[in-house]
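Colleague: Protein chains in written order, with the working numbering: chain A, -4 to 125; chain B, 28 to 539; chain C, 180 to 353.
First the structure, which I've put down as structure tokens, then a few questions once you've had a look.
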Amino acid sequence: MIVVGYSADPYGRAALEHGIEEAKLRGTTLKVINSTTGDAYADPRFARSGEVHDVEKRLADCGVEFELTQPVGVDTAEELLKAMDGHDAELLVIGIRHRTPVGKLLLGSVSQQLLLECPKPVLAVKPDDL
Amino acid sequence: MENLDWLIQGFEQAVTPMNLLYAVIGVLLGTAVGVLPGIGPAMTVALLLPITYNVSPSAAFIMFAGIFYGGMYGGSTTSILLNTPGESSSVITAIEGNKMAKAGRAAQALATAAIGSFVAGAIGTALLAAFAPPISKFAVTLGAPSYLAIMLFALVAVTAVLGASKLRGAISLFLGLAIGVVGIDFLTGQPRATFGLPLLSDGIDIVVIAVAIFAVGEALWVAAHLRRRPTDVIPVGRPWMGRDDWRRSWKPWLRGTAYGFPFGALPAGGAELPTFLSYITEKRLSKHKDEFGKGAIEGVAGPEAANNASAAGTLVPMLSLGLPTNATAAVMLTAFVSYGIQPGPTLFEKEPLLIWTLIASLFIGNFLLLVINLPLAPLWAKLLRTPRPYLYAGILFFATLGALAVNVQALDLALLLVFGLVGLMMRRFGLPVLPLIIGVILGPRIERQLRQSLQLGGGDWISLFKEPVAIIVYVLMAILLLMPLVLKLMHRPEETLLIVEDDKDQREKAEA
Amino acid sequence: MTTTEEPQKEAASNAVDKAQYLVCAVLVAVGAFLIYDALTLEAGFAKVDPVGPKFFPLAIGIILIVLAVILAIAIPRGSVGEADAGEDVDPNSPGDWRTVGMLVGLFIAVIVLVEPLGWAITGTLLFAGAATILGSRHYIRNIVIGAALSLISFYAFYSGLGIPLPAGILDGIL
């Protein structure tokens, strides 16, 4: 099973695309997680119903078996790491964005935490147009 | 007309660079606060009360007025974009506004809300300028007994009419009156309820109470119940309206204003009722009835205008009689008191420049709101990304800062905590907040009026009822208190109103 | 018909909110205090002030106790105050009183520490602590924001408004 950390922006979509490719290559299933801490009133990275519909359609079209979950009130990194703990999870796909060192300190970096803490392989991708 | 002269002088004062700056700050702060659910203009003005100790009265009031009007506008932004009203008076706006937004017409919804608010605000403020001085002049001629009657009426109206439970309203009120007792008795000089603490002999600083009840109480309550689902925010460009939208909006704006202003001016009128009335009126009069429930622009234009007009209306009794009819007005009155200005009918006589500057800056603030907020709407939407822990930690921080700044003593912080817990208790048990604050503000004044009236009347209780105005007011009060009983016996009008509301609620729930 | 009446009665009794007795207790406490305190006062100078300083507190105290009794009677009948459903609140969930307790504890710490340690430190503590208690796990970020707010407000109040907030142990450095 491939775990994809999804967010409703180009980085998340890039992760999704690469996740789909990997799943097809390896002939395995896909688990897409789009979580939010729920702390803010508006979280632009949390997919709304329109976007969810589009993502599900894309996944259904590509012929891979998938599961899409949107947990609320959880820490994103922890949620993805928990998913990777499952014994059939083989790869984590995430989209990464550039952060300066100060930026990482002040704003936190989910991707850095994942890259460092995940015991299994992590595929870090960037959107094509960057 | 000398009032016009005063107004012009007020404008001259209000457009000084310093005061304009305060106006802009007020308007921005008010909108920001109105946009964020959970934080309102009342809490913001309360949090800013401590600055009244060091800033000129006109500057402070200009800012508060901006916050007041801005809060109304910000609330509608959230209603439309988020289907979560930023202010309780924006609940109705959410019905049609959010549907419009979902259908891709967010820009039009925001535009009609903004322009309608401006129109209503301008008309409302003009009416305020026209009506408040004569009312105040008339009130000055009233004797102590009549004024006492009016104050008692305001107390009763706010307690008994607003809110579902009269028992709880009364509980809040008497708790507020109890708090007002603390301090030195003005006639005999004896300390009352001061726990033997000399620091309490001036009474509990009303600023501390306001901040504690509004800000700390709210923060603690939310801490106990933090909701964790982020809601959809609908992206929006700059608000604008097509010609058709203008055509459909302008009459609802005027009708909404007509509803809002009187309700705002009456004690216990509030802003929720006129917005509701405006909505049903627009629905009934509309040529596009089928659009209602799916995004009819009249359903946004009317209620928003009503909302803002009611805000202007609230200021009429506040400035002319010194009677607050909603929480924000009550907190603003607190500011008057902390400046040592006696709110009441003599305000226009004693501080004409201050009052007219305030009124002038209401006009200016209203205009600024339109000009600043139309282009900034997408920015306000971004504000909603602030995580709640920071918002509420911020509230606690500023509340503590404010309370500390009042007298720089830790005792005030202890009081802040105690009354914050009282505020929490009130929210948990459904005790309305407004009667308590009004009790704290009006209690000592009522006692003073009562004892002075009796003094003047030679200690004779009948003297309280000798003035015609007093008699009329007492009769009105009796009617107000007895009406629910009468209605229950007759079994009709109150229930029908509730049924209509219920229907609407049920349909909404079914659709949502 | 007994069958239709009973579900209604059941619903009402399910809604009995015993915690409201707390309100009664508070009302009685405040009322009793007012009455006791008023009784220790000397009467006013009767001719000039027939009401005197005792009247108001006595009346308020008595009414508070009466209200407590009324409430106490109303509670078992299912009278429920509508808990404040603010825009940000989900009233159906049971209260998270642990969080509230921690915030109160933090507050008490601030009250005790503000004068010895000064505003710059306690303000930071207050903000960072509150944000963390409320769920934000970016500890460093919380402290940084808290420190910035505290320092800015310290200087702003001092130079802008002329209010010297406690400097505590940093007195002389700031």
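The beta-carbon is built from N, C-alpha and C at its ideal position, and this holds for glycine as well.
All figures in this text were calculated on a predicted structure; none of them were measured in a lab.
#1: I'd like to know whether the C-beta of Ala72 of chain A is nearer than 7 Å to at least one C-beta of chain B.
#2: Find the residues of chain C that neighbour Phe208 of chain B, judging by a C-beta separation of less than 8 Å, and give them in chain order.
#3: Expressed to the nearest angstrom, what Euclidean distance is found between the alpha-carbon atoms of Leu118 of chain A and Pro345 of chain C?
#4: Are the CB atoms of Trp267 of chain B and Ala136 of chain B within a distance shorter than 7 Å?
#5: Starting from Ile391 of chain B, trace the alpha helix (DSSP H) in both directions and tell me its first and last residue.
#6: Assuming the contact rule is C-beta atoms closer than 8 Å, Asn334 of chain B and Ala149 of chain B should be a hit. Round their C-beta distance to whole Å, please.
#7: My assumption, with CB atoms under 8 Å, is that Gly101 of chain B sits in contact with Ala59 of chain B. Please give the rounded CB distance.
#8: For Pro5 of chain A, which residues of its own chain have a beta-carbon under 6 Å away from its beta-carbon, when the five flanking residues on both sides are left out?
#9: Using a Cβ-Cβ cut-off of less than 8 Å, give me the residues of the region 33 to 55 of chain A that come near chain B, in sequence order.
#10: Spatial neighbours of Thr183 of chain C within its chain, please: CB distance less than 8 Å, with the 5 preceding and 5 following residues excluded, ordered by chain position.
#11: Hey, quick one: how far does the beta strand (DSSP E) through Val27 of chain A stretch, first residue to last?
#12: Give me the chain A residues within the contact set of Gly314 of chain C, using Cβ-Cβ distance strictly less than 7 Å, ordered along the chain.
#13: Is DSSP giving Leu86 of chain A helix, strand or coil here?
#14: Just the chain B side, please: which residues come within less than 9 Å of Pro345 of chain C by C-beta, in chain order?
#15: Using a Cβ cut-off of 7 Å (strictly closer), state whether Pro405 of chain B contacts chain A.
#16: Buried or exposed: where does Asp271 of chain B fall if 16 or more other Cβ atoms within 10 Å of its Cβ makes it buried?
#17: Note the first and the last residue of the continuous beta strand (DSSP E) segment covering Thr64 of chain A.
#18: Which one or two residues does DSSP pair with Thr32 of chain A in a beta bridge?
#19: Name, in chain order, the residues that DSSP records as bridge partners for Pro414 of chain B.
#20: Taking the straight line between their C-alpha atoms, what separation do you get for Met180 of chain C and Gly257 of chain C?
#21: Mind checking Thr284 of chain B: buried by the 16 CB within 10 Å criterion, or exposed?
#22: What number of angstroms, rounded off, separates the C-alpha of Ala441 of chain B from the C-alpha of Ile240 of chain B?
#23: Pick out whichever of B:Pro511, B:Val496, B:Leu431 and B:Ile422 has its Cα sitting closest to the Cα of Ile342 of chain C.
#24: Leaving out the 5 sequence neighbours to the left and right, which residues in its chain are closer than 8 Å to Gln476 of chain B when beta-carbon positions are compared?
#25: Put Leu374 of chain B into one of helix, strand or coil per three-state DSSP.
#26: Let me know the secondary structure DSSP gives Val117 of chain A once reduced to three states.
#27: Taking only beta-carbon positions, decide if Arg92 of chain A is within less than 7 Å of chain B.
#28: For the candidate residues B:Ser480, B:Ile506 and B:Leu56, whose alpha-carbon lies nearest to that of Gly67 of chain B?
#29: Could you have a look at Lys321 of chain B and say whether DSSP puts it in helix, strand or coil?
#30: Can you tell me the Cα-Cα spacing of Ala187 of chain B and Tyr80 of chain B, whole angstroms?
#31: Mind checking whether Ala35 of chain A and Arg412 of chain B have CB atoms under 7 Å apart?
#32: Give the DSSP bridge partners of Pro218 of chain B, in chain order.
#33: Name the chain A residues whose beta carbon is nearer than 9 Å to that of Pro64 of chain B?
#34: So, at 6 Å on beta carbons, what are the nonlocal neighbours of Ile473 of chain B in its own chain, with the 5 sequence-adjacent residues on each side left out?
#35: What residue from B:Gly429, B:Leu360 and B:Gly457 has the CA that sits closest to Tyr84 of chain B's CA?
#36: Is DSSP giving Leu300 of chain B helix, strand or coil here?
Modeller: Inspection of the coordinates gives the following:
#1: no
#2: Note on identity: in this sequence residue 208 of chain B is Val, with Phe being the wrong assignment. Those within 8 Å of Val208 of chain B in chain C are Leu213, Phe235, Pro236 and Ile239.
#3: 52 Å
#4: no
#5: Pro379 to Leu410
#6: Contact doesn't hold; Cβ gap of about 14 Å is too wide.
#7: 6 Å
#8: Pro122
#9: Gly33, Asp34, Ala35, Tyr36, Ala37, Asp38, Pro39, Phe41, Arg43 and Ser44
#10: Here Thr183 of chain C scores only 41 on pLDDT, less than 50, and its place in the model is too uncertain to base an answer on.
#11: Leu25 to Ile28
#12: Asp34
#13: strand
#14: Leu431, Val435 and Ala437
#15: no
#16: exposed
#17: Phe61 to Thr64
#18: BP columns for Thr32 of chain A are empty, so no partner.
#19: A:Ala35
#20: Unreliable placement is indicated for Met180 of chain C, whose pLDDT of 42 sits below 50; no coordinate value is reported for it.
#21: buried
#22: 13 Å
#23: B:Leu431
#24: Ala171, Tyr174, Leu175 and Met178
#25: helix
#26: strand
#27: no
#28: B:Leu56
#29: coil
#30: 34 Å
#31: yes
#32: B:Ile211
#33: Tyr36
#34: Met178
#35: A small correction: the amino acid at residue 84 of chain B is Pro; Tyr does not occupy that position in the sequence shown. Minimum Cα distance to Pro84 of chain B is reached at B:Leu360.
#36: helix
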